[in-house]
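S.K.: One structure follows; several queries about it will come next.
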Amino acid sequence: MSDDERGISAGTVFLSFLAGAAVGAGVALLVAPKTGEELRGKIKDLADDAVDKIKEYASEAQDKIRSSYEDGKDLVLEKKSIITSAIEAGKEAMEREKEKYKEM
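Residue 75 is where the sequence shown starts when you use the working numbering, and the numbers rise one by one after that.
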């Protein structure tokens, strides 16, 4: 998840939106002329929907994190291999130079 210019991540915006939607829906239910049983049923349905959306969002975030972790791990292993090869090449070059100076 990337931050915009103000440092607010997309996840923060999404969670804020969900919270605002839940509050707005709750207020709408409370001011609507319904019986107590209907109102409780509506609130339960809303809560269930919110929980489902949050679980879905958390699952997506977890998948993205896992993918990013794997990509990062692969990148580190790739760079480690390159660096190891460069170090070995440097050691070999140093040994060749030492041999040249010994022969002088």
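The C-beta atom is built at its ideal place from N, Cα and C for all residues, glycine as well.
Quick one: Cα of Lys147 to Cα of Thr158, how far?
M.R.: 16 Å
S.K.: Can you tell me where the alpha helix (DSSP H) with Thr109 in it begins and where it stops?
M.R.: First-last for Thr109: undefined, no H or E at that position.
S.K.: Where does Asp78 fall in DSSP's three states?
M.R.: Since pLDDT at Asp78 reaches only 49, below the 50 mark, its modelled position is unreliable, and the value read off the structure follows with that caveat. In this structure, Asp78 counts as coil in the three-state DSSP scheme.
S.K.: Does DSSP put Ser83 in a helix, a strand or coil?
M.R.: strand
S.K.: For a quick check, are the C-beta atoms of Ala124 and Ala84 less than 7 Å apart?
M.R.: At the C-beta level, Ala124 and Ala84 stay beyond 7 Å of one another.
S.K.: How should Ser76 be labelled, buried or exposed, when 16 other C-beta atoms within 10 angstroms of its C-beta is the threshold for buried?
M.R.: Residue placement at Ser76 is flagged as unreliable, the pLDDT there being 47, under the threshold of 50; the coordinate-derived value follows with that caveat. Label assigned to Ser76: exposed.
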